[in-house]
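In terms of our numbering, the sequence shown has 242 at position 226, counting the first letter as 1, and numbering is strictly consecutive.
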Amino acid sequence: MQTYQTAPATRSSKKSPESTSLPVACFSTYVAEPSQQAARHRDVRNFLLALSGEQVSGTSAIPVGHDERTLTTMNANDSIDWFGEMVVQYLDSSQILPPFGLVPVPTPQTTLASSAGPWTSLLAISIASNGLEDASVLDLLRWQEPIPEQRCHTVAELYENLAVIRPFPTDRAIVLVDYLFTTSTMLRACAARLKRHGANVVLGLCAGRTAKEASYDPFTVVTGALERYIPGH
């Protein structure tokens with residue numbers, strides 16, 4: 017597993033004083049601009065489509081640890097388990113160890129009125145079920161109103177629209193789990209809302225990220241750090 021570090025990442029998820037930045041790890045990179053695409057970006061696209069339950073096209077090779085697994089329409093559901101394996105291997109190699117709670121970031125249409133939780137819960141469950149006995153999945157966040165996907169939102173707007181739907185233990189660290197990193201606003205808003213309720217959010221995990229140009233292998237784990245949002249500042 018290759019890791020490209022854009023900024024210092026956390027080395028432990030045990031309960032500790034909160035840092036001024038939020039470490040983030042993304043497990044694949046998709047470049048939408050055709051002139052910048054490599055052949056492997058098609059594999060990333062199929063991987064991300066499979067994770068979200070959408071139709072994949074053709075056959076793709078997905079690296080999981082030291083193995084390369086074949087992804088087709090017939091086994092697309094396996095992609096969620098593969099993502100869990102990728103994350104656990106990264107956490108282990110980075111010495112980021114449980115106990116911690118895995119909190120799925122709500123999808124734009126997952127509101128207080130929704131009858132079901134966000135499908136990103138499946139990503140969190142996959143991580144916890146890959147040998148992390150001391151990791152628990154905590155479905156905590158909902159939007160008060162749906163998030164229109166056709167416009168940009170500030171961190172403040174997203175923060176004000178977020179609700180914590182149930183009590184949760186504050187004696188263990190929290191790791192956010194999301195599908196696709198496009199801007200920093202979503203993770204920063206979720207971390208700030210949880211902090212308002214006493215959480216110590218130590219890490220964000222994203223299955224993929226978008227980029228304007230291809231700088232390294234599309235399945236390199238890209239890590240970085242986000243400035244934490246402080247309401248009112």
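C-beta atoms are modelled at their ideal positions from N, C-alpha and C, and glycine is treated no differently.
Look at the alpha carbon of residue i and the alpha carbon of residue j, and state the distance between them as a whole number of angstroms.
i    : j    : result
D233 : V60  : 10 angstroms
Q111 : T201 : 27 angstroms
P39  : T89  : 34 angstroms
C120 : D194 : According to the sequence shown, residue 120 is Pro rather than Cys. Cα to Cα, the separation comes out at about 6 angstroms.
A92  : Q105 : 21 angstroms
T123 : S68  : 11 angstroms
T226 : V238 : 11 angstroms
D108 : M102 : 10 angstroms
F235 : T86  : 14 angstroms
E229 : G81  : 25 angstroms
L192 : S51  : 33 angstroms
A208 : I96  : 27 angstroms
P162 : W98  : 30 angstroms
A129 : R167 : 22 angstroms
E165 : P134 : 16 angstroms
T75  : F63  : 10 angstroms
V153 : T136 : 11 angstroms
P247 : Q125 : 24 angstroms
V47  : R56  : 10 angstroms
R58  : H169 : 29 angstroms
L65  : Q53  : 17 angstroms
L138 : T45  : 20 angstroms
G11  : S231 : Because the chain spans 17 through 249 in this model, residue 11 falls outside it and cannot be assessed.
A132 : V72  : 25 angstroms
T36  : E49  : 33 angstroms
Q160 : C206 : 13 angstroms
L148 : D94  : 19 angstroms
G255 : T199 : This structure leaves residue 255 out entirely; the chain is present only between 17 and 249.
G100 : R244 : 26 angstroms
P79  : H249 : 42 angstroms
Going by DSSP, what residues sit across from residue i in a beta bridge?
i    : result
I190 : G117 and V217
T236 : Its beta-bridge partners do not exist; DSSP assigns none.
S145 : None, per the DSSP bridge assignment.
Y46  : T226
D83  : V80
L64  : DSSP output for L64 lists no bridge partner at all.
F197 : R225
P247 : DSSP lists no partner for P247.
L242 : L38
L178 : W159
Please say whether residue j and residue i have beta carbons closer to each other than 8 angstroms?
i    : j    : result
R158 : T186 : no
L210 : R182 : no
R204 : L242 : yes
P114 : A151 : yes
F184 : G117 : yes
N146 : A189 : no
A77  : E70  : no
Query raised in the report: Taking three-plus beta-carbon pairs below 8 angstroms as touching, is the stretch 168 to 178 in contact with the stretch 134 to 149?
Result: no
**Report entry** Stretch pair the stretch 217 to 228 + the stretch 38 to 53: three plus CB contacts closer than 8 angstroms
**Finding:** yes
Query raised in the report: Which ranges would you report for the beta strand (DSSP E) in the stretch 123 to 176 if only whole runs of at least 3 residues count?
Result: 151 to 153 and 157 to 159
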